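Numbering (the working numbering), first residue to last: 1 to 477.
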């Protein structure tokens, strides 16, 4: 090949490369200007009924959007601001569907098969995350639950794992209709909670699950909520970190912040096992997290229902399940519009991933149906310690939310009493309506009472609705 031929060949190659680069840039910039919405806005989603529902996304700076909702054929407009973001609110009707929403900046996208109903966000660690299929531990009655999972009015969304040091825009996941296949891979606890709500309310229900096993509460908290309590927990870098999901703020930024503002009816939470080493700190962090999540959603004091961690026979003396349960109990007493589900009767001594998620799903649904939706006749509260009265050698414990207490005719062995020497002895316990009378031959002048205040117990005190009492103590020793 001559010199001129080589030069001609090089010129042709360079021209071709320039064309390909420009061609790619054209599609890149035009593609980036298209309307982009977080994954939570998608076909098959459920929107909260009778609400001003926020929707948002990205697009070409300065472009004007036209949004049409099929349930009322109403047209909304929104302008994309200087940072490429847009946000507006649309009005939703009473429950129904399917509907569609179209969004156009000249090029239209359509979200299809949308239902209007009730939406709940469920979050936490492994006992929330565990799917109906089980893993190292099985789920009780899972085959039957999966078999009966077909429900076109129950929609499920699992948030994909994501960590970040700053609040993210995008969120991974897909809305799916409940059937045997989708339910099998969905949270056992959250699925059954949603299923109960859908059948009782007889409206579409959407359940969003954002959870990762083995995580502490700090991971699910924002930088803002941690700064006033323990700023030293906040990481500055994820470089070389092998388990970034265990660092403070990372899961809030990656898996909660992108959902913030998506209209929901309330929150469901199950987490705490990984914080048993610092129950006193948890007592500060948990209320702060609840307040901050509500603030981020901007929808007022949304209901926040949660499961108290179940007993587990840990022999690790650096951890205290009873004190963590105590911190959770006190949160329910001090933070408005919260409700705690007691799990004192479902734990397993040698498996932190207990099998019976059904009882807890039922008890969570009692809170939602009775407290949030105001359905009469549903008792949702556990018996709760009210007062201690000393009468000679007797300690008389009274309870709220239980006109009648029961042990189902079984002898109770989890009550203990102590005198001024602070030594606790097992007490003989006798139920009288909403009181328990306690005595011990070894304690002549009782001072303090404890119930089930141990790592591993199986709850034995219930109200007549079958809801167990939490472990508690009257001392702070």
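For glycine and all other residues, C-beta sits at the position ideal for the given N, C-alpha and C. In this text the structure is predicted, and so the values were computed from the model without any measurement.
In chain order, 122, 123, 124, 128, 304, 305, 306 and 307 place their CB closer than 8 Å to the CB of residue 269, counting only its own chain and leaving out the 5 sequence neighbours on each side. Within the region 58-109, complete beta strand (DSSP E) segments of at least 3 residues are found at 64-69, 74-79, 85-91 and 96-104, given in chain order. A direct Cα-to-Cα measurement between residue 110 and residue 83 gives close to 24 Å. Put simply, of 311, 234, 105 and 354 the residue whose alpha carbon is nearest the alpha carbon of residue 166 is 234. Less than 8 Å separates the beta-carbon of residue 170 from that of residue 39. When Cβ pairs closer than 8 Å are counted between the two stretches, the region 143-151 is seen not to touch the region 213-232, the count staying below three. Within the same chain, and ignoring the five residues on either side of residue 101 in sequence, the residues whose Cβ sits closer than 6 Å to its Cβ are 69 and 111. Judged by beta-carbon spacing, residue 118 lies within the 8 Å limit of residue 49, meaning their Cβ atoms are closer than that value.
Straight-line measurement puts the Cα of residue 343 at about 28 Å from the Cα of residue 249.
A contact is defined here as three or more CB-CB pairs under 8 Å, and the region 184-196 meets this definition with respect to the region 204-217. Exposed is the label assigned to residue 91, since fewer than 16 other Cβ atoms lie within 10 Å of its Cβ. The C-alpha of residue 107 lies about 18 Å from the C-alpha of residue 81. As DSSP reads the structure, residue 151 sits in a beta bridge with 178.
Using a Cβ distance threshold of 8 Å, residue 380 and residue 331 do not count as a contacting pair.
Apart from the 5 residues on each side of it in sequence, residue 211 sits with its Cβ closer than 6 Å to the Cβ of 123, 124, 128 and 129 in its chain, given in chain order.
In this model, residue 251 and residue 213 are separated by some 12 Å (Cα to Cα). In this structure, the straight-line span from the alpha carbon of residue 324 to that of residue 240 is close to 31 Å. Excluding its 5 nearest sequence neighbours in each direction, residue 364 has C-beta neighbours in its own chain below 8 Å: 189, 193, 268, 305, 307 and 341, listed in chain order. Using a C-beta cut-off of 8 Å, the region 423-443 makes contact with the region 395-409, since at least three inter-stretch Cβ pairs fall below that distance. Taking every protein chain shown into account, the CB of residue 333 has fewer than 16 other CB atoms within 10 angstroms, so this residue is exposed. Apart from sequence neighbours up to five positions away, the residues of its chain that approach residue 458 with a beta-carbon distance below 8 Å are 311, 344, 345 and 347, ordered along the chain.
For residue 452, the three-state secondary structure derived from DSSP is coil. Annotation: the continuous beta strand (DSSP E) that includes residue 206 extends over 205-211.
Here residue 428 is bridged, per DSSP, to 439.
Less than 8 Å divides the Cβ of residue 201 from the Cβ of residue 373.
Boundaries of the alpha helix (DSSP H) around residue 296: 279-297. Counting other Cβ atoms within 10 Å of its Cβ, residue 236 stays below 16 and is therefore classed as exposed. Each residue's CA atom was taken as its position, placing residue 408 and residue 385 some 19 Å apart.
Assigned with DSSP and collapsed to three states, residue 420 falls in coil, not helix or strand. Closest option to residue 378, judged by alpha-carbon separation, among 465, 290, 37 and 35: 465. When only Cα atoms are considered, residue 309 and residue 273 end up about 7 Å apart. Close CB contacts of residue 454 within its chain, under the 7 Å cut and outside five residues either way in sequence, are with 322 (chain order).
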